[in-house]
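Undergrad:
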Amino acid sequence: MEVKYIGESGTFKSVKGQDVKLENSGVYKCMEKEYHSGLFVRLVLTNGEHVKVKRKDLQKV
């Protein structure tokens, strides 16, 4: 499923420890089950990295 990141733009740590940049209003992919059940959601970026963000900073597309 696709979600829009509505939090503040900035640099975050990926699950592997890399610095990645998330943009406000950027569209990312995540698992629907994870979106509905967890406080934190792992976003999948285009380069394959995973970033954990708070669900309140996401909006369904």
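Per this note's numbering, the very first residue in the sequence shown carries number 1276; after that it's consecutive. Beta carbons: idealized from backbone N, C-alpha and C, even for Gly.
Short of 8 Å in beta carbon distance, which residues of its chain neighbour G1313, apart from the five on each side in sequence? Order them along the chain.
TA: If we look at G1313 and ignore the five residues flanking it on each side, its Cβ neighbours are R1330.
Undergrad: Pop quiz: Q1334 and V1295 are said to be a contact at Cβ under 8 Å. What is the actual Cβ separation, rounded to whole angstroms?
TA: Q1334 to V1295, Cβ: 20 Å. No contact.
Undergrad: Quick one: which unbroken beta strand (DSSP E) runs of 3-plus residues sit fully inside the segment 1303-1332? Chain order, please.
TA: DSSP runs (the beta strand (DSSP E)) wholly in the segment 1303-1332: 1315-1319 and 1325-1329.
Undergrad: Would V1290 be called buried (16 or more neighbouring beta carbons within 10 Å of its own) or exposed?
TA: Looking at its Cβ environment, which holds fewer than 16 other Cβ atoms inside 10 Å, V1290 is exposed.
Undergrad: Can you tell me where the beta strand (DSSP E) holding G1285 begins and where it ends?
TA: First-last of the beta strand (DSSP E) with G1285: G1285 to K1288.
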